[in-house]
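Going by numbering that gives the first Met the number 0, the residue at position 199 of the sequence shown is 198; the numbering climbs one at a time, nothing skipped. Structure record follows, encoded as structure tokens.
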Amino acid sequence: MIRSVITGCGSYSPERVMKNTDFEGIVETSDEWIVQRTGIRQRHIAAEGETTADLAEKAAREAMADAGVTAADLDLIILATSTPNNTFPATAVEVQHRLGMDHGAAFDSQAVCTGFIFALTTADQYIRTGFAKRVLVIGAETFSRILDWEDRSTCVLFGDGAGAVVVESSEQAGTNGDRGILTAHLRSDGAHKDKLYVDGGPSSTGTVGYLRMEGREVFRHAVAMIADVIEAAYAATGLTSRDLDWFVPHQANKRIIDASARKLGIDPSKVIITVDRHGNTSAASIPLALCEAVGDGRIKRGDLVMLEAMGGGFTWGSLLLRW
Ligand code: UT7
0 MIRSVITGCG
10 SYSPERVMKN
20 TDFEGIVETS
30 DEWIVQRTGI
40 RQRHIAAEGE
50 TTADLAEKAA
60 REAMADAGVT
70 AADLDLIILA
80 TSTPNNTFPA
90 TAVEVQHRLG
100 MDHGAAFDSQ
110 AVCTGFIFAL
120 TTADQYIRTG
130 FAKRVLVIGA
140 ETFSRILDWE
150 DRSTCVLFGD
160 GAGAVVVESS
170 EQAGTNGDRG
180 ILTAHLRSDG
190 AHKDKLYVDG
200 GPSSTGTVGY
210 LRMEGREVFR
220 HAVAMIADVI
230 EAAYAATGLT
240 SRDLDWFVPH
250 QANKRIIDAS
260 ARKLGIDPSK
270 VIITVDRHGN
280 TSAASIPLAL
290 CEAVGDGRIK
300 RGDLVMLEAM
310 GGGFTWGSLL
320 LRW
């Protein structure tokens with residue numbers, strides 16, 4: 000059967016690093032509170048004029064070089080973002096043009112922090128139906144632009160960044176030993192839409208708006224929702240937490256990651272953590288973490304890797320793949 004195999008990985012973080020102590024004087028907070036409640040120590044912030052498309056392009060170029068492909072080899076670009084350059088056109092088409100790709104198609108996908116899982120699952124569907132052979136999937140965000148810098152309960156949590164992967168069609172045996180995406184599970188429930196949202200938009204206020212979150216409410220639902228989609232992946236494949244080599248969760252809060260791993264019986268040594276250095280970069284967080292662990296040699300060919308995320312909507316999803 001046809002599987003979607005990741006053949007290249009890339010990432011980019013803006014140069015400017017903002018440490019927790021840099022918030023002292025902006026809002027009433029402390030390094031101790033932020034580290035204790037979230038595990039975050041620093042985040043990257045885009046420079047003035049540096050856009051989501053800029054970050055996405057850099058991550059994309061690295062992923063394409065890693066995969067050994069050029070724009071001519073791609074059929075499709077899917078860019079997961081909640082902070083596009085413009086309301087329209089899709090930021091993906093700007094990236095497509097900058098990469099010199101004048102064929103195929105490019106579009107944005109919007110599922111907030113679960114964006115990369117939604118985009119990668121979409122790419123998998125296009126590949127498995129034969130619609131596309133090679134897809135560039137990017138998660139890129141400039142959340143610093145939609146933060147209310149006077150709201151200490153949100154502005155300390157998020158950062159900017161981008162990660163990208165090249166996904167290719169590959170003929171495999173159709174077993175759990177295959178390389179590539181083995182199963183993916185997506186969920187959303189708009190009943191929770193007011194717990195994490197941006198209070199503006201083209202059709203409602205005519206403004207961009209700022210991120211608003213009932214953090215405690217999001218936290219309360221997160222672990223159960225994450226466990227729900229991971230258990231769905233186990234039910235679909237017959238695999239369990241013991242079979243995993245690596246767990247690459249969305250990086251929102253170290254306490255959510257630890258509690259999810261504990262509930263699912265995933266050994267802490269298998270958990271990839273980058274939230275301490277990136278904060279929550281929404282759709283960029285999983286590819287940033289994945290690319291780091293691939294780049295430093297932790298994730299190796301043949302390893303079983305579980306990706307998961309939960310975020311605004313609410314949306315949540317899991318994706319199980321063999322590297
Ligand atoms: O990407 C997916 C979406 N996002 C998430 O997954 C985030 C989910 N939520 C969380 O990670 C956590 O709920 C937070 C990190 C946002 C907050 O942690 P918490 O343990 O749930 O704290 P809390 O909201 O219950 O607030 C505790 C206290 C409050 O003071 P009082 O009411 O107890 O006096 C807050 O006002 O901490 C206060 N507080 C702060 N203090 C210092 C809130 N933000 C800050 C801050 N610095 N930055």
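C-beta atoms are modelled at their ideal positions from N, C-alpha and C, and glycine is treated no differently. Here the structure is a predicted model, which means the values were calculated and not measured.
The continuous beta strand (DSSP E) containing Glu-167 extends over residues 159-170. The shortest C-alpha to C-alpha distance from Arg-2 to any of Val-274, Ala-283, Ile-180, Ala-66 is the one to Ile-180. Residues Thr-28, Val-155 of the same chain have their beta carbon placed closer than 7 Å to that of Phe-22, with the five preceding and five following residues left out of the count. Taking 8 Å as the cut-off, the beta carbon of Glu-14 is found closer than this to the beta carbon of Ala-46. For the 8 Å CB-CB criterion, Val-111 and Ser-281 form a contact. Inter-segment contact for the stretch 305-319 and the stretch 188-198 is present: three or more beta-carbon pairs are separated by less than 8 Å. By the 16-neighbour rule on beta-carbons within 10 angstroms, Met-0 is exposed.
Put simply, of Asp-244, Val-197, Leu-289, Asp-266 the residue whose alpha carbon is nearest the alpha carbon of Tyr-11 is Leu-289. Using a C-beta cut-off of 8 Å, the stretch 30-46 makes no contact with the stretch 63-70, since fewer than three inter-stretch Cβ pairs fall below that distance. The residue among Arg-254, Gly-199, Arg-261 with its C-alpha nearest the C-alpha of Arg-241 is Arg-261. Taking a cut-off of 8 Å on C-beta distances, the stretch 170-184 touches the stretch 113-124, as three or more cross pairs fall below it. The continuous alpha helix (DSSP H) containing Met-224 extends over residues 214-236. Inclusion of Ala-161 and Leu-318 in the CB contact set at 8 Å is not warranted, their separation being larger than that value.
In this structure, Thr-90 and Asp-107 form a Cβ contact; the two beta carbons are roughly 6 Å apart against a cut-off of 8 Å. Taking the Cβ of Thr-37 as the reference point, at least one heavy atom of ligand 1 falls within a distance shorter than 7 Å. In this structure, Ile-76 is the residue among Gly-264, Val-16, Asn-279, Ile-76 with its C-alpha nearest to the C-alpha of Val-164.
If you look at Asp-244, you'll find it isn't in any alpha helix (DSSP H); DSSP assigns it neither H nor E. When DSSP reads this structure, Asp-107 sits in a beta bridge with Leu-78. Comparing alpha-carbon positions, the option among His-102, Glu-213, Asp-147 lying closest to Val-134 turns out to be His-102. Excluding sequence positions up to five before and after Arg-297, its CB lies within less than 8 Å of the CB of Trp-245, Ile-271, all in the same chain and listed in chain order. Using a Cβ distance threshold of 8 Å, Ala-62 and Gly-114 do not count as a contacting pair. Contact annotation, Thr-51 with Glu-140: C-beta distance approximately 6 Å; criterion of less than 8 Å satisfied. For Lys-18, the enclosing beta strand (DSSP E) begins and ends at 15-18. Annotation: Arg-300 to Thr-273 spans about 21 Å, alpha carbon to alpha carbon.
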